[in-house]
Amino acid sequence: MIQGRAPVRFISLRILKSVILTVGWLILTAAISAAESEVIPDTENCLLCHRYPYMGRFDKAGQKRIFYVNEKMFANSVHGRLRCKNCHVGLDTIPHTDVKKVDCSTKCHIKEPSTDREFSHINMVEKYQASVHGQGNGKKPKPFSEDLPTCKSCHNNPMYGSPGGMWGKSEALMNETLARCLGCHTKQQWAEKFFSHFTRRMRQRRSQTEIVALCTGCHENREKMARHGLENIATYKDTFHWTQVKFGFENAPGCISCHVPVGYTTHDIRPRTDPVSPINLANRVNTCSNQGGLQTCHPGATAAFATGRVHAYGAKAQMMAASEDVDTENQDMSLVHQRAHADITAQETYHYKILELIRLFYKVLIGGTIGFMCFHQMLDYLRTRKKHK
Amino acid sequence: MLNRKIALKDEANSGPFVKTGQRYFIRLNKNERAQHIILVICFIVLAVTGFMVKIPEEIVQRFGTSGTAVFYFRGLLHRMAGTIMILVCAYHGCYLLLAPAGRRYLIDMFPKPRDLKDMIFNIFYYLGFKKEPPEFDRFSYKQKIEYFALIAGSTLMSLSGLLLWTEYRWSKFILDIAKIVHGMEAILACLAIIVWHLYEVHLRPHKFPIDNLWITGVIDEEEMKAEHPLHYKRIMDDPELRKIYILGGDQEEVNTPTARQVTMADLPRVS
Chain Z
0 MIQGRAPVRF
10 ISLRILKSVI
20 LTVGWLILTA
30 AISAAESEVI
40 PDTENCLLCH
50 RYPYMGRFDK
60 AGQKRIFYVN
70 EKMFANSVHG
80 RLRCKNCHVG
90 LDTIPHTDVK
100 KVDCSTKCHI
110 KEPSTDREFS
120 HINMVEKYQA
130 SVHGQGNGKK
140 PKPFSEDLPT
150 CKSCHNNPMY
160 GSPGGMWGKS
170 EALMNETLAR
180 CLGCHTKQQW
190 AEKFFSHFTR
200 RMRQRRSQTE
210 IVALCTGCHE
220 NREKMARHGL
230 ENIATYKDTF
240 HWTQVKFGFE
250 NAPGCISCHV
260 PVGYTTHDIR
270 PRTDPVSPIN
280 LANRVNTCSN
290 QGGLQTCHPG
300 ATAAFATGRV
310 HAYGAKAQMM
320 AASEDVDTEN
330 QDMSLVHQRA
340 HADITAQETY
350 HYKILELIRL
360 FYKVLIGGTI
370 GFMCFHQMLD
380 YLRTRKKHK
Chain A
0 MLNRKIALKD
10 EANSGPFVKT
20 GQRYFIRLNK
30 NERAQHIILV
40 ICFIVLAVTG
50 FMVKIPEEIV
60 QRFGTSGTAV
70 FYFRGLLHRM
80 AGTIMILVCA
90 YHGCYLLLAP
100 AGRRYLIDMF
110 PKPRDLKDMI
120 FNIFYYLGFK
130 KEPPEFDRFS
140 YKQKIEYFAL
150 IAGSTLMSLS
160 GLLLWTEYRW
170 SKFILDIAKI
180 VHGMEAILAC
190 LAIIVWHLYE
200 VHLRPHKFPI
210 DNLWITGVID
220 EEEMKAEHPL
230 HYKRIMDDPE
240 LRKIYILGGD
250 QEEVNTPTAR
260 QVTMADLPRV
270 S
């Protein structure tokens, strides 16, 4: 009997062990997933589907849409503390036919500490809509409004990184500062988030090259710019400002250095004619000289210097100089032509003509001189070789 | 004592260039050679650091994070070399007016109607219409063209460079002109130096690979007769000029085997 019972006990022990191990494993994974779920409270259970990396489809326009959400990356992003439905309003049916487009002015149920009210980006959105890039105040839609950039044209949902580039790129200093915060704010995750939120605003995150690339995304498109009566970015790329940016020089002036100096916001870029604009002639000396920020450009700028034309002369000056023979049949270009009259003064047209004349003079001079020199030296070479043979 | 040391050093340096028993003619004295060498260094630094701003974006991106340092030192070197070059030019101006050697240089360099005739006849000679080239004086029309191009060029470059350096004081229109002039003049200067000057001292069949004149300052009698016959005649006819332009002073017995060895120490000092 004893001999017969022994294997049974052995088997049951193995089962018991397996059960204990399995339960232990489950508890462990549950604990881990519980810990992770603290990072993103996925109470809406969106990740049930959206955690799969290949989730996506082609929309009607043929554009590839990716619906995958990387849990950890999202948790580390600037919107990591929000729930999906805070921004993606609707989503009550599957498939999501009722979903609305993300509107950044939506209130997102997070308390804004200074007013204790529900937070939203409405302040920025309102400023932006009134700016040169915005849709206007809703009374009269702007022409070709589909060309105008939306929030997402410039903003994605960026990740919080270590605040490198600040305080001489010292990681150690960041650790020390964060450690000081943690002295009082004991919940580490919150403290880290707040620290990242704060330090993120203490430096320019995009390099000047990246900013120029961002603006170039639209402003390089000649047709798109012409629809709005603008010249393309080539007029900027013909300046020494761009040369500095090209080399990645720290103090280099990118687009926002002049169009959004200290005291202005990127969301409120105004046309040159607006008295508030930093590039309005009345505000130029301040813009070029001392901006009160980290950049120092032309500290002693005189009015004569600051009120000059910064971008190089482009299509508009060319049109003004050519005046009569302009192709006004092209409707898009006719708007540029129309704007050229307002933008390019008679004096500037005159200056442009002189500059073109100097350029032409040098082209002829270089061609003539070097041509003669080549001819002369070639003859000399042939003759001297003949003589020394 | 010090002079002796310098003389010894010069003797050592001049070894391969100066042979015993030959008459050498001074084309550039020490001072002029020093001016030339400083100018060469400044010119190269200015050209390299200047044209760096025209490097296309794709290539600049390869500098990566070192771009900032590259750009900073580019600007610094360009300004330093520019300042030194302006100072050398100013010094050269004083030298032309104040030093006797400089005054002779200026008089010999001054353009004359004869130069135009020389140029036309020389081109005729190249084309085979004339059998012999025209006889040149101390400076041929080629050298005069180059010299005055250098003066005009460096004046415009200095002026436009200084305007761009102190940009905040001037109106944008003046700066726009300065920018075009500085860029275009740079292209002209570099091409002219390559085609005109570098050909003349490096590529001419009997000068290849390099004419040592810029180091030694002297040419031998044969070359002097061939290239500057008029000046040669002038020197040989005038005992004063013999003292100035013949290395080691006027030695009647120079062609005899007992001729004294001429050395670099014999080069005239700036008086």
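Residue numbers (numbering that gives the first Met the number 0), protein chains in the order written: chain Z, 0 to 388; chain A, 0 to 270.
Positions of the beta carbon are idealized from the N, C-alpha and C atoms, including for glycine.
TODO: Starting from the beta carbon of Z/T368, find every residue of chain A whose beta carbon is closer than 7 Å, and list them in chain order.
DONE: Within the first sequence, the letter at position 369 stands for residue 368 of chain Z. Simply L187 and A191.
Open item on the list: Using C-beta distances below 8 Å, list every residue in its chain close to A/E166, excluding the 5 sequence neighbours before and after it, in chain order.
Closed with: Your numbering for residue 166 of chain A matches position 167 in the second sequence. Around A/E166: L174.
- [ ] Answer with buried or exposed for A/Y140, where buried requires no fewer than 16 other C-beta atoms within 10 angstroms of its C-beta.
- [x] As a first step, residue 140 of chain A is located in the second sequence; it is residue number 141 there, counting from the start. Counting Cβ neighbours within 10 Å, A/Y140 comes out buried, since at least 16 surround it.
Open item on the list: Taking the alpha carbon of A/E56 as the reference point, which residue from Z/V211, Z/A316 and Z/S104 has its own alpha carbon closest?
Closed with: Your numbering for residue 56 of chain A matches position 57 in the second sequence. Here the closest residue by C-alpha is Z/V211.
Task: chain A contacts from the stretch 294-317 of chain Z (Cβ-Cβ distance under 7 Å) - done: H297, G299, A300, T301, A303, F304, G307 and R308
Open item on the list: Here's the rule I'm using: 16 or more other beta-carbon atoms within 10 Å means buried, otherwise exposed. How should A/R259 be labelled?
Closed with: Working through the second sequence from its first residue, we reach residue 259 of chain A at position 260. For A/R259, the predicted structure reports a pLDDT of 47, less than 50, and the residue's modelled location is therefore unreliable. The matter cannot be settled from this model.
Task: Local Cβ density within 10 Å of A/T64, reported as buried at 16 or more and exposed below that - done: Here residue 64 of chain A is taken as the residue at index 65 of the second sequence, counted from 1. Counting Cβ neighbours within 10 Å, A/T64 comes out exposed, since fewer than 16 surround it.
Task: Selection from Z/K100, Z/L354, Z/Y361 and Z/S76 that minimises the alpha carbon distance to Z/K84 - done: As a first step, residue 84 of chain Z is located in the first sequence; it is residue number 85 there, counting from the start. With distances taken between Cα atoms, Z/K84 lies closest to Z/K100.
Task: Status (buried if at least 16 other CB within 10 Å, exposed otherwise) for Z/C254 - done: Along the first sequence, one-based indexing puts residue 254 of chain Z at 255. The residue in question, Z/C254, is buried, as its Cβ has 16 or more Cβ neighbours within 10 Å.
- [ ] Examine the Cβ distances between the stretch 91-109 of chain A and the stretch 24-39 of chain A and report whether three or more of them are shorter than 8 Å.
- [x] yes
Open item on the list: Taking 8 Å as the threshold (C-beta atoms), are A/L187 and Z/I353 in contact?
Closed with: Counted from its first residue, the first sequence places residue 353 of chain Z at position 354. Counted from its first residue, the second sequence places residue 187 of chain A at position 188. No; because the gap between Cβ atoms is not below 8 Å, this pair is not in contact.
Task: CA-to-CA distance, Z/G89 to Z/E37, given in whole angstroms - done: Translated into the one-based positions of the first sequence, residue 37 of chain Z becomes position 38. Translated into the one-based positions of the first sequence, residue 89 of chain Z becomes position 90. Annotation note: pLDDT 47 at Z/E37 (below 50); position unreliable, coordinate value reported separately. Those two C-alpha atoms are separated by around 24 Å.
Open item on the list: For Z/T42, count the other beta carbons within 10 Å of its own beta carbon; 16 or more makes it buried, fewer makes it exposed. Which is it?
Closed with: The count along the first sequence starts at 1 and reaches residue 42 of chain Z at position 43. Its Cβ having fewer than 16 others within 10 Å, Z/T42 is exposed.
TODO: Taking Z/H350 as the query, report the chain D residues whose CB atoms sit under 8 Å from its CB, ordered along the chain.
DONE: Judged by its chain identifiers, the structure shown contains no chain D, and its protein chains are Z and A.
Open item on the list: Going by DSSP in three states, Z/D342 sits in which element: helix, strand or coil?
Closed with: Here residue 342 of chain Z refers to the residue found at position 343 of the first sequence. If DSSP states are grouped into helix, strand and coil, Z/D342 belongs with the helices.
TODO: Kindly list, in the order they appear in chain A, the residues whose Cβ is closer than 7 Å to that of Z/M389.
DONE: Here chain Z has residues from 0 to 388 only, and residue 389 of chain Z is not among them.
- [ ] Could you tell me which residues DSSP pairs with Z/M158 in its beta bridges?
- [x] In the first sequence, counting from the first residue as 1, residue 158 of chain Z sits at position 159. According to DSSP, which records beta bridges pairwise, Z/M158 is partnered with Z/S76.
Task: Euclidean distance between Cα positions of Z/T301 and A/W169 - done: Here the question's residue 301 of chain Z lines up with position 302 in the first sequence. Here the question's residue 169 of chain A lines up with position 170 in the second sequence. So the two alpha carbons sit approximately 8 Å from each other.
TODO: Give me the Cα-Cα distance between A/M118 and A/M183, rounded to the nearest whole angstrom.
DONE: Position 119 of the second sequence, counting from 1, holds the residue named residue 118 of chain A. Position 184 of the second sequence, counting from 1, holds the residue named residue 183 of chain A. Cα to Cα, the separation comes out at about 26 Å.
- [ ] Sort Z/S104, Z/G133, Z/P157 and Z/K138 by Cα distance to Z/P148 and report the nearest one.
- [x] Start at 1 with the first residue of the first sequence, and residue 148 of chain Z comes out as number 149. Nearest C-alpha to Z/P148: Z/G133.
Open item on the list: For A/L202 and A/V39, what's the separation of their Cα atoms in angstroms?
Closed with: Here the question's residue 202 of chain A lines up with position 203 in the second sequence. Here the question's residue 39 of chain A lines up with position 40 in the second sequence. Their Cα atoms are separated by approximately 18 Å.
Open item on the list: Between Z/L280 and chain A, is any beta-carbon pair separated by less than 8 Å?
Closed with: In the first sequence, residue 280 of chain Z corresponds to position 281, counting from 1. Chain A contact via Cβ: absent.
Task: Own chain residues within Cβ distance below 8 Å of Z/A281, not counting five before or after - done: In the first sequence, the residue the question calls residue 281 of chain Z occupies position 282. So the qualifying residues of the chain are P274.
Open item on the list: Below 8 Å on the Cβ atoms is my contact criterion, and I expect A/L26 with A/G216 to pass it. Report the Cβ-Cβ distance as a whole number of Å.
Closed with: As a first step, residue 26 of chain A must be located in the second sequence, where it is residue number 27. As a first step, residue 216 of chain A must be located in the second sequence, where it is residue number 217. As written in the sequence, residue 26 of chain A is Arg, which differs from the Leu given in the question. About 6 Å; that satisfies the 8 Å criterion.
Task: Helix, strand or coil at Z/E117 [DSSP, three-state] - done: Here residue 117 of chain Z refers to the residue found at position 118 when the first sequence is read from its first residue. DSSP places Z/E117 in strand when its eight states are reduced to three.
Task: Beta-carbon spacing of Z/N289, Z/P298 below 8 Å - done: Residue numbering aside, residue 289 of chain Z sits at position 290 when the first sequence is read from its first letter. Residue numbering aside, residue 298 of chain Z sits at position 299 when the first sequence is read from its first letter. Against a cut-off of 8 Å, the Cβ pair of Z/P298 and Z/N289 comes out as a contact.
Task: Distance cut-off 7 Å: A/L229 Cβ against heavy atoms of the ligand ATP - done: Among the components of this structure there are no ligands whatsoever, and the ligand ATP is therefore not found.
- [ ] Please determine if the stretch 311-318 of chain Z and the stretch 233-243 of chain Z are in contact, where contact requires at least 3 C-beta pairs separated by less than 8 Å.
- [x] yes
- [ ] Mind the definition here: the stretch 240-248 of chain Z touches the stretch 207-224 of chain Z only if three or more C-beta pairs lie below 8 Å; say whether that holds.
- [x] yes
Open item on the list: So, for Z/A339: in the same chain, excluding its five sequence neighbours on each side, which residues have a beta-carbon less than 7 Å away from its beta-carbon?
Closed with: The residue given as residue 339 of chain Z occupies position 340 in the first sequence. Excluding positions up to five away in sequence, the list reads K315, M318 and M319.
Open item on the list: Please return the same chain residues whose Cβ sits closer than 7 Å to the Cβ of Z/T265, not counting the five positions on each side in sequence.
Closed with: In the first sequence, the residue the question calls residue 265 of chain Z occupies position 266. Within the same chain, Z/T265 has close Cβ partners I255 and V259.
- [ ] Would you kindly check if the distance between the Cβ of A/C93 and the Cβ of A/S153 is under 8 Å?
- [x] Along the second sequence, one-based indexing puts residue 153 of chain A at 154. Along the second sequence, one-based indexing puts residue 93 of chain A at 94. Not a contact, by the Cβ cut-off of 8 Å.
- [ ] Give, in chain order, every residue of the stretch 239-261 of chain Z whose Cβ lies closer than 7 Å to some Cβ of chain A.
- [x] T242, Q243, K245, F246, G247, F248 and E249
- [ ] Check whether the Cβ atoms of Z/C437 and Z/L81 sit closer than 8 Å, and answer yes or no.
- [x] Nothing in the structure corresponds to residue 437 of chain Z, since chain Z is present only between 0 and 388.
TODO: Give the interface partners of A/T67 over in chain Z, defined as CB-CB distance under 8 Å, in chain order.
DONE: As a first step, residue 67 of chain A is located in the second sequence; it is residue number 68 there, counting from the start. Going along chain Z in sequence order, the residues near A/T67 (Cβ under 8 Å) are F246, G247, F248 and E249.
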